[in-house]
Amino acid sequence: MITETRNYIKGQISSVNADLKQLDDPFGTIDLNENELEFGYKIIFLATDLIPTGNHNLEIFPISIELYKKVFRDIVEDYDIVFDNAIAIRDKIANIVSVKANTNFYRALPVSFTPEDLELNQRVVKITITLNFERAISFC
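Basically the numbering used here = 1-based index in the sequence shown + 528.
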């Protein structure tokens, strides 16, 4: 289920911008090197939650996607590029028809969208998108 969901997210990101490179960091804890900062993303699965709702339980899988773009000349232009990509990626991933057809979840709800300017060795724009992937499960 996790691999299927990760592949779904990667496919949606690639359909928006094939130049984005996945950064292998499942826990979101590895420092980025200069090459990775050019235009990349991380997919981070967060702690799940199980909510009883009568006849079934609602299982929530929060997933964060962090987008990174190194600023070359124009901070406004680079910010706009990563922001536009992030909006398109969020909308593609959350498309309910796509979610139902390609994952074990019945929806992906966007819950946050956070832009940041990282002051590292290079200036980097970072946008974090968090979505809650939800599924209903029953225990007999």
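By construction, the Cβ of each residue, glycine as well, lies at the ideal position given by its N, Cα and C atoms.
Inset, instruction - Name the two residues that bound the continuous alpha helix (DSSP H) containing residue 577. - result: Numbered from 1 along the sequence shown, position 49 holds the residue referred to as residue 577. No alpha helix (DSSP H) holds residue 577; the beta strand (DSSP E) holding it covers 577–580.
Inset, instruction - Look at the alpha carbon of residue 526 and the alpha carbon of residue 545, and state the distance between them as a whole number of angstroms. - result: This structure does not reach residue 526, given that the chain is present from 529 up to 668, and the question cannot be answered.
Inset, instruction - Sort out for me which residues DSSP pairs residue 656 with in a bridge. - result: The residue you call residue 656 lines up with position 128 of the sequence shown. Per DSSP, 594 and 642.
Legend entry - Beta-carbon spacing of residue 591, residue 548 below 9 Å: As a first step, residue 591 must be located in the sequence shown, where it is residue number 63. As a first step, residue 548 must be located in the sequence shown, where it is residue number 20. Cβ atoms of residue 591 and residue 548: not closer than 9 Å.
Legend entry - Per-residue DSSP class, three states only, for residue 616: Locating residue 616 in the sequence shown gives position 88, counting from the first residue. Three-state result, residue 616: helix.
Legend entry - Rounded straight-line distance, which links the Cα of residue 638 to that of residue 571: Along the sequence shown, read from residue 1 onward, the residue named residue 571 stands at position 43. Along the sequence shown, read from residue 1 onward, the residue named residue 638 stands at position 110. Answer to the nearest angstrom: the Cα atoms are 14 Å apart.
Legend entry - 6 Å Cβ shell around residue 656 - same chain, five flanking residues per side excluded: Working through the sequence shown from its first residue, we reach residue 656 at position 128. Hits under 6 Å: 592, 594 and 642.
Legend entry - residue 569, enclosing beta strand (DSSP E) - first and last residue: The count along the sequence shown starts at 1 and reaches residue 569 at position 41. It spans 567–573 - the beta strand (DSSP E) in which residue 569 sits, taken as one unbroken run.
Legend entry - Same chain only: Cβ atoms within 6 Å of residue 610, ignoring 5 sequence neighbours per side: In the sequence shown, residue 610 corresponds to position 82, counting from 1. Here residue 610 has 595, 597, 653 and 655 as same chain residues with Cβ atoms under 6 Å from its own Cβ, once five neighbours each way along the sequence are excluded.
Inset, instruction - Examine the Cβ distances between the stretch 569–586 and the stretch 534–544 and report whether three or more of them are shorter than 8 Å. - result: yes
Inset, instruction - Give a yes or no on whether the C-beta atoms belonging to residue 617 and residue 635 are separated by under 9 Å. - result: As a first step, residue 617 is located in the sequence shown; it is residue number 89 there, counting from the start. As a first step, residue 635 is located in the sequence shown; it is residue number 107 there, counting from the start. Against a cut-off of 9 Å, the Cβ pair of residue 635 and residue 617 comes out as no contact.
Inset, instruction - Pull up the CB-CB distance for residue 606 and residue 599, whole angstroms please, since I reckon it's below 8 Å. - result: Position 78 of the sequence shown holds residue 606. Position 71 of the sequence shown holds residue 599. Correct: roughly 5 Å between the Cβ atoms.
Inset, instruction - Out of 622, 576 and 614, state which residue places its alpha-carbon closest to the alpha-carbon of residue 644. - result: On the sequence shown, position 116 is the one that residue 644 refers to. Looking at the Cα atoms, 614 is the closest of the given residues.
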